[in-house]
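Novice: Structure below; questions to follow.
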Amino acid sequence: MNNFKPNVVIFRCNFCSPIGAEHAMASKLKDNSRLKLIGITCTGRIDPTFVLDAFAKGADGVLIAGCSPGDCHYISGNYKAGRNVMLLKKTLSQLGIESERLRAEWLATSETPKFLSSLNEFVNEVIKLGPLTAS
Ligand code: FES
């Protein structure tokens, strides 16, 4: 388990993308995880099946990063995404998957340190949970 490098999929809204996050992410986290970054126009466009599909295809954790409340460029996309995350967590639990494997973070463009800190904390939590195995 010590050498476990989790596969983490990050759905990230392009509007709130913290500046330089990709570079910092690549340098700070590459040693303990495999990260896949997927840019989207708004977290409200994330169909819940995208998240379930990510888990089905090998993700050990999924992080959704969207605009702070009140800052969504499509007005309420992040609120919709937040509701979907709550429903997805219940669905994951019903499927026997720890709901902690899914997390949402709401950020402003200037919050690169917060993004990295949240991502690092999330990766460490997924490492503690261990690999997601089909039961
Ligand atoms: Fe960023 Fe909607 S535009 S979450």
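Residue numbers (my numbering): -8 to 126. Glycine is no exception: its CB is placed at the ideal position from the N, C-alpha and C atoms.
#1: Run through the DSSP bridge pairs and tell me what V53 is partnered with.
#2: By how many angstroms is the C-alpha of K71 removed from the C-alpha of T34?
#3: Compare the Cα-Cα distances from V53 to each of I1, R25, P60, Y65 and report the closest residue.
#4: Report whether the distance from the Cβ of F6 to the nearest heavy atom of ligand 1 is below 7 angstroms.
#5: Taking 7 angstroms as the cut-off, does the CB of G30 come closer than this to any heavy atom belonging to ligand 1?
#6: Who pairs with L107 in a beta bridge, going by DSSP?
#7: Going by C-alpha to C-alpha distance, which of V(-1), G57, D51, D22 sits closest to P122?
Specialist: Checking against the coordinates, here is how it stands:
#1: V0, L93
#2: 8 angstroms
#3: I1
#4: yes
#5: no
#6: Beta-bridge pairing links L107 to no other residue.
#7: D51
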